[in-house]
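Trainee: Chains as they are written, first to last, in UniProt numbering: chain L, 1 to 290; chain B, 1 to 290; chain G, 1 to 290; chain U, 1 to 290. Every residue, glycine too, gets a C-beta built ideally from N, C-alpha and C. Provided herewith is a single structure, encoded as structure tokens, for subsequent inquiry.
Protein chains: 4
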Amino acid sequence: MPLDNRLRDHACLTVHGADQAGLVAAVTALVTRNKGNIVTLDQHSSDPEGGAFFQRVVFHRQGLAAAIPEIEADLAETLKPYGMEWRLTDQSVPKRMAILASTSDHCLLELLWRHRRGELPVSIPMVISNHTNTAEDVRSFGIPFVHVHSQGPDKREAEGKILELLRGNVDFVVLARYMQIISEDFLDKIGVPIINIHHSFLPAFIGAAPYRKAHERGVKLIGATSHYVTKDLDEGPIIEQDVTRVNHSMTAGDLQARGAYVERAVLSRAVQWHAEDRVIRHGNHTIVFE
Amino acid sequence: MPLDNRLRDHACLTVHGADQAGLVAAVTALVTRNKGNIVTLDQHSSDPEGGAFFQRVVFHRQGLAAAIPEIEADLAETLKPYGMEWRLTDQSVPKRMAILASTSDHCLLELLWRHRRGELPVSIPMVISNHTNTAEDVRSFGIPFVHVHSQGPDKREAEGKILELLRGNVDFVVLARYMQIISEDFLDKIGVPIINIHHSFLPAFIGAAPYRKAHERGVKLIGATSHYVTKDLDEGPIIEQDVTRVNHSMTAGDLQARGAYVERAVLSRAVQWHAEDRVIRHGNHTIVFE
Amino acid sequence: MPLDNRLRDHACLTVHGADQAGLVAAVTALVTRNKGNIVTLDQHSSDPEGGAFFQRVVFHRQGLAAAIPEIEADLAETLKPYGMEWRLTDQSVPKRMAILASTSDHCLLELLWRHRRGELPVSIPMVISNHTNTAEDVRSFGIPFVHVHSQGPDKREAEGKILELLRGNVDFVVLARYMQIISEDFLDKIGVPIINIHHSFLPAFIGAAPYRKAHERGVKLIGATSHYVTKDLDEGPIIEQDVTRVNHSMTAGDLQARGAYVERAVLSRAVQWHAEDRVIRHGNHTIVFE
Amino acid sequence: MPLDNRLRDHACLTVHGADQAGLVAAVTALVTRNKGNIVTLDQHSSDPEGGAFFQRVVFHRQGLAAAIPEIEADLAETLKPYGMEWRLTDQSVPKRMAILASTSDHCLLELLWRHRRGELPVSIPMVISNHTNTAEDVRSFGIPFVHVHSQGPDKREAEGKILELLRGNVDFVVLARYMQIISEDFLDKIGVPIINIHHSFLPAFIGAAPYRKAHERGVKLIGATSHYVTKDLDEGPIIEQDVTRVNHSMTAGDLQARGAYVERAVLSRAVQWHAEDRVIRHGNHTIVFE
């Protein structure tokens with residue numbers, strides 16, 4: 001796996017749970033006694049009395065890779081009395097990200113291109129699509145492309161194939177305008193976070209042909225939302241949102257083209273923040289330490 | 001009525017209807033033969049084949065006020081074969097705008113303040129509120145304040161009083177966070193456009209306490225929409241929209257405070273564009289010649 | 001040359017010069033008598049008394065290509081008494097756009113990608129670079145790539161080669177982060193508009209390493225400006241500008257990466273508007289009919 | 001002094017200086033042993049190796065007001081070996097803010113209005129102006145208004161009077177479009193931070209009539225910058241910036257009117273962040289923990 005040398009010996013620790021007095025002090029003391037020097041620390045409490053606690057610490061520690069097991073042991077022991085959830089990652093190890101796509105290429109290519117520029121701290125073991133039109137583009141980035149046919153009423157076979165390809169091989173999955181519904185069964189079995197992107201409007205236009213409806217209604221803004229996938233389709237925790245201005249001189253097709261540029265920007269930021277462990281999920285919302 | 005001398009002898013003509021060849025030429029020839037010099041012309045066709053046609057022309061015409069009847073006669077005759085709707089206004093005559101408000105003052109004061117700065121081409125004959133808390137502020141701007149009590153289940157009496165105050169005295173009405181539902185009967189009788197402002201979210205949060213719901217969902221943007229009031233509450237033609245960025249560190253109260261600043265900006269722009277005859281309604285959407 | 005069938009029989013006429021009464025009427029009458037149906041008309045007068053006049057008309061005319069000579073003859077005769085500059089283009093004929101680039105690929109690839117999506121009404125006869133690193137990418141879009149070496153103090157030879165390649169073959173040139181100074185001689189000889197993109201800050205940081213200086217100064221916004229190239233380097237008429245938000249947690253490198261995304265978006269919009277004849281130059285500024 | 005009960009027992013501690021291992025742990029341990037519970041912690045290191053360190057901690061501590069002296073003693077002792085600068089404030093005690101204004105009222109009234117809405121954690125002991133036009137408005141908010149005449153070449157007398165009014169009575173000063181140059185002598189003697197707002201453009205337009213110059217150049221964005229005042233006029237550390245979109249149809253006067261709305265929004269955010277101790281100055285830039 002390619003290591004990012006700028007981030008060598010940098011760890012990221014996220015902690016969250018019920019807020020309690022002394023938590024920040026306990027965590028920072030732990031970093032210090034494990035010879036870490038804190039580079040960035042963000043902390044948020046939803047309510048000082050009885051709220052939830054969220055913390056992200058990036059620290060530098062000479063010889064981090066070898067020290068991780070003992071730091072984790074210390075974390076387990078230190079945080080057990082507080083009942084906190086925590087995660088420690090070596091920032092020089094890129095997360096493995098698979099992309100699922102369909103015919104649209106704008107989100108897919110944007111991710112591949114930012115990755116090539118070194119702006120996304122991920123490796124991309126494969127792109128899976130239920131269409132073949134983007135195969136050549138994907139492979140020109142040196143990324144494997146796998147076609148998994150998904151036509152017909154029974155999606156189980158296609159999902160089964162995708163699961164086989166992904167399980168154990170990826171740390172998270174991105175749906176880059178993947179136009180297939182993800183089954184609950186797939187969600188249960190995949191075991192890693194899935195990030196989705198979809199268009200968004202004020203007001204919302206439900207159902208098919210949302211850009212046509214937005215055009216008919218004469219909206220002045222169109223937007224996009226990136227979120228984690230949960231069993232309630234498109235209702236998962238929001239990671240990032242943005243909008244762009246439109247006007248009456250644009251056709252429904254123009255709105256869709258404009259929307260594509262918001263989608264690729266919003267999804268890219270969501271993926272970057274997730275890959276940098278800046279996003280903590282809590283119930284149905286997120287804490288994003290930008 | 002106070003006249004705006006910068007706009008003396010400036011007329012605004014809006015025309016819309018089914019698109020037909022030669023319409024722009026017919027209108028511009030009419031302006032020329034009536035001694036007008038076109039300052040600004042915006043035209044939009046929703047579809048060159050069988051679509052709708054929208055035009056806004058501002059022209060300068062020495063001695064406009066006296067010439068309006070003959071220009072209108074020419075318009076009636078010229079546009080009759082095309083079956084177009086049209087409206088001619090003298091831009092130096094400010095539109096008469098009444099404001100309906102409740103306890104919130106942010107939209108109300110913003111309009112009064114922009115009006116005082118000479119940025120809204122309107123006169124404000126009165127502010128009507130179902131509360132009294134803003135009376136002193138309104139009167140400090142030299143604007144009459146009228147309290148119309150609206151408690152109790154029967155709103156007809158309050159609406160009747162408001163209708164009495166407004167009918168014949170105003171060219172349009174602004175609901176500046178007016179927290180009463182407008183009845184169909186009131187809409188039928190008032191006979192002038194009503195502009196409303198309300199908060200908007202991606203996704204939409206229906207019902208009570210939307211800011212609390214938006215906060216629980218962890219939205220990253222909150223917005224506002226200004227629209228014309230129709231019988232379908234909050235579903236009328238959109239005039240203007242905007243959003244502002246929020247994050248997890250803000251409480252539901254913070255979101256609401258932020259939202260207030262978007263609301264006052266969006267409503268102010270909508271009111272200005274309406275007052276400048278920049279907005280043409282068509283079905284359930286608007287054409288805005290900014 | 002590939003024609004855009006959606007725009008078949010659509011002409012774009014731009015007119016500008018000293019404002020005079022009756023101009024809009026004269027132009028629209030001309031369109032009508034030449035059997036054109038106006039689709040969009042935008043007009044702007046910098047001052048109704050003695051100002052400058054700008055107009056853009058898009059009209060549909062059955063059999064446009066064959067009729068252009070007679071329409072041009074009519075235009076010449078009609079507009080001669082007014083002393084106006086005008087230009088008539090067939091919108092179904094894409095403008096020929098050459099791109100000059102150096103090592104940076106973000107603006108270059110964005111243009112190629114939008115072109116492939118059918119969003120830029122241009123053909124791209126060639127990309128010329130003084131480096132070779134983007135050759136493979138450019139050719140994967142099916143666009144010819146030409147390397148013109150420009151090292152050494154004497155740029156005249158390189159400029160001469162570029163002139164030979166471009167003269168007569170292109171309608172405009174885009175500098176997509178082309179890091180060579182364009183000589184006055186080149187500007188004189190090329191004879192077509194050149195569009196440039198550069199980073200922009202509030203306040204401006206002159207000279208080398210602007211992102212480092214902006215970082216040291218702690219700016220909260222970074223931006224980009226796209227403009228026509230004139231003899232005063234980076235001082236030509238502005239076509240489009242935009243900014244993005246940055247903060248103290250970002251390094252100078254992060255600012256530069258963020259800036260790249262603003263640059264590609266701003267340059268793309270400027271190129272699109274130029275290609276659609278939406279931009280009229282007047283002195284050192286532009287009128288953009290968006 | 002009016003106390004803000006929502007913030008009772010909340011302290012804000014800011015620490016900055018040369019980065020050293022263990023600093024965050026030392027500070028958080030100090031908060032814990034002084035019975036504080038951390039509500040929010042933001043920390044930034046400009047470079048983990050030999051950079052600068054910035055930290056803002058908000059903590060809740062029962063009986064804070066009485067405990068401040070002992071916490072400060074602990075801070076002095078704990079942070080002495082690190083050589084850090086630090087400041088501890090009781091968040092329930094609003095900062096005393098004086099406003100200096102001239103004829104423009106947009107920034108002045110916005111601050112008074114946000115203060116009245118309870119959105120700025122400050123008290124406003126007085127507004128000083130070298131003009132009298134805003135006196136009535138200011139007093140309608142219940143705020144003292146003092147007119148200090150500043151005509152004539154010798155500004156020393158006016159500055160002397162202002163110093164007499166302010167010294168010892170305010171924690172910071174806001175220049176809300178105050179059109180007098182602040183002398184170095186005044187800056188030396190006032191001894192509290194001064195926040196200014198001014199228009200900003202890309203590119204910058206130096207000298208008189210910047211809006212006219214921006215209009216002539218056809219800029220597409222106009223902006224505003226709020227910064228701390230230093231001896232280099234308008235070159236002090238930037239706190240906040242923003243822009244708004246403009247176009248060719250606007251006059252120089254329209255740009256100025258639009259600019260006023262950016263100015264009041266940017267200044268308000270800068271004042272709020274300063275009042276909440278979210279801004280740390282470092283050399284000629286700022287760290288803003290939004």
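Residues of the segment 86-102 of chain B in Cβ contact with chain C at a cutoff of 7 Å, in chain order, please.
Mentor: Protein chains in the displayed structure are L, B, G and U, and chain C is not among them.
Trainee: So, is the C-beta of Ala29 of chain L closer than 8 Å to a C-beta in chain U?
Mentor: yes
Trainee: Taking only the alpha-carbon atoms, compute the straight-line gap between Pro237 of chain B and Ile287 of chain B and give it to the nearest angstrom.
Mentor: 10 Å
Trainee: Leaving out five residues before and five after Asp254 of chain B in sequence, what residues of the same chain have Cβ atoms less than 8 Å from its Cβ?
Mentor: Val246
Trainee: Which residues mark the beginning and the end of the alpha helix (DSSP H) in which Val262 of chain G is found?
Mentor: Ala252 to Ala275
Trainee: Are there three or more Cβ pairs, one per stretch, closer than 8 Å when the segment 125-138 of chain G is compared with the segment 41-49 of chain G?
Mentor: no
Trainee: Less than 8 Å between CB atoms is the rule here; does Leu109 of chain L satisfy it with respect to chain G?
Mentor: Leu109 of chain L counts as touching chain G.
Trainee: Report the CB separation of Ala25 of chain L from Val31 of chain U in whole angstroms; it is logged as a contact under 8 Å.
Mentor: About 7 Å separates the CB atoms of Ala25 of chain L and Val31 of chain U; that is less than 8 Å, so the two are in contact.
Trainee: Taking DSSP as the reference, what is the three-state secondary structure of Phe145 of chain U?
Mentor: Phe145 of chain U carries a strand assignment under DSSP once its states are collapsed to helix, strand and coil.
Trainee: Might you give, ordered along the chain, the residues of its own chain that have their beta carbon closer than 6 Å to the beta carbon of Glu85 of chain B, omitting 5 neighbours on each side?
Mentor: Excluding sequence neighbours, Glu85 of chain B sits near His16 and Gly17.
Trainee: May I ask you to list, following chain order, the residues of the segment 118-142 of chain L that have a beta carbon less than 7 Å from some beta carbon of chain G?
Mentor: From the segment 118-142 of chain L, only Glu119 and Ser140 have a Cβ closer than 7 Å to chain G.
Trainee: Looking only at its own chain, which residues have a Cβ that is under 8 Å from the Cβ of Met250 of chain G, when we skip the five neighbours before and after it?
Mentor: His215 and Arg258
Trainee: Can you check whether the CB of Thr103 of chain U is closer than 8 Å to the CB of Cys12 of chain U?
Mentor: no
Trainee: Return the CA-CA distance between Ala270 of chain B and His106 of chain B, expressed in angstroms with no decimal places.
Mentor: 15 Å
Trainee: Which ranges would you report for the alpha helix (DSSP H) in the segment 105-173 of chain B if only whole runs of at least 4 residues count?
Mentor: 106-116, 135-140 and 156-166
Trainee: Can you list, in chain order, the residues of the segment 193-219 of chain B whose Cβ is nearer than 9 Å to any Cβ on chain L?
Mentor: Ser200, Phe201, Leu202, Pro203, Ala204, His215, Glu216, Arg217, Gly218 and Val219
Trainee: Contact check, Ala67 of chain G vs Asn34 of chain G under 8 Å by CB: the rounded distance?
Mentor: 7 Å
Trainee: In angstroms with no decimal places, state the Cα-to-Cα distance between Thr40 of chain L and Val262 of chain L.
Mentor: Taking the straight line from one Cα to the other gives about 29 Å.
Trainee: Does the distance from the C-beta atom of Leu267 of chain L to that of Ile162 of chain L stay below 8 Å?
Mentor: no
Trainee: Comparing the C-beta of Ile238 of chain L with each C-beta of chain B, is any distance below 8 Å?
Mentor: yes
Trainee: Sorry if obvious, but does the Cβ on Ala76 of chain B come closer than 7 Å to a heavy atom of the ligand ZN?
Mentor: No copy of the ligand ZN appears in this structure; indeed no ligand is present at all.
Trainee: Opposite Thr32 of chain G in the DSSP bridges: which residues?
Mentor: Answer is none; Thr32 of chain G lacks a bridge partner.
Trainee: Who does Tyr211 of chain U pair with in a DSSP beta bridge?
Mentor: Answer is none; Tyr211 of chain U lacks a bridge partner.
Trainee: Pro203 of chain G and Tyr228 of chain G: beta carbons closer than 8 Å?
Mentor: No, they are not a contact pair.
Trainee: For the candidate residues B:Ala73, B:Leu79 and B:Gly63, whose alpha-carbon lies nearest to that of Ala21 of chain B?
Mentor: B:Leu79
Trainee: For Pro210 of chain U, is the classification buried or exposed, using 16 other Cβ atoms within 10 angstroms of its Cβ as the cut-off for buried?
Mentor: buried
Trainee: If we cut at 8 Å on Cβ distances, does Leu288 of chain B have a partner in chain L?
Mentor: Rather than Leu, the amino acid found at residue 288 of chain B in this sequence is Val. Output row for Val288 of chain B: interface = yes.
Trainee: Mind listing the chain U neighbours of Val24 of chain L? Cutoff is C-beta to C-beta under 7 Å, in chain order.
Mentor: Thr28, Ile38 and Leu41
Trainee: Taking all protein chains shown into account, do 16 or more other C-beta atoms lie within 10 angstroms of the C-beta of Leu120 of chain G, making it buried, or fewer, making it exposed?
Mentor: buried
Trainee: Which of the three DSSP states is assigned to Thr78 of chain L in this structure?
Mentor: Thr78 of chain L sits in a helix when the DSSP states are folded into three classes.
Trainee: At a Cβ threshold of 8 Å, is Trp113 of chain U touching chain B?
Mentor: yes
Trainee: Nearest-angstrom Cα distance between Ile280 of chain G and Asp188 of chain U?
Mentor: 52 Å
Trainee: Thr244 of chain U touches chain L at which residues, Cβ-Cβ below 7 Å?
Mentor: Residues of chain L passing the Cβ test: none, with the nearest at roughly 12 Å.
Trainee: Ser226 of chain B and Ile195 of chain B: beta carbons closer than 8 Å?
Mentor: yes
Trainee: Determine the direct distance from the alpha carbon of Arg212 of chain U to that of Ile239 of chain U, and round the result to whole angstroms.
Mentor: If you take the alpha carbons of Ile239 of chain U and Arg212 of chain U, they lie about 26 Å apart.
Trainee: From the beta carbon of Gln256 of chain L, is the nearest beta carbon of chain B less than 8 Å away?
Mentor: no
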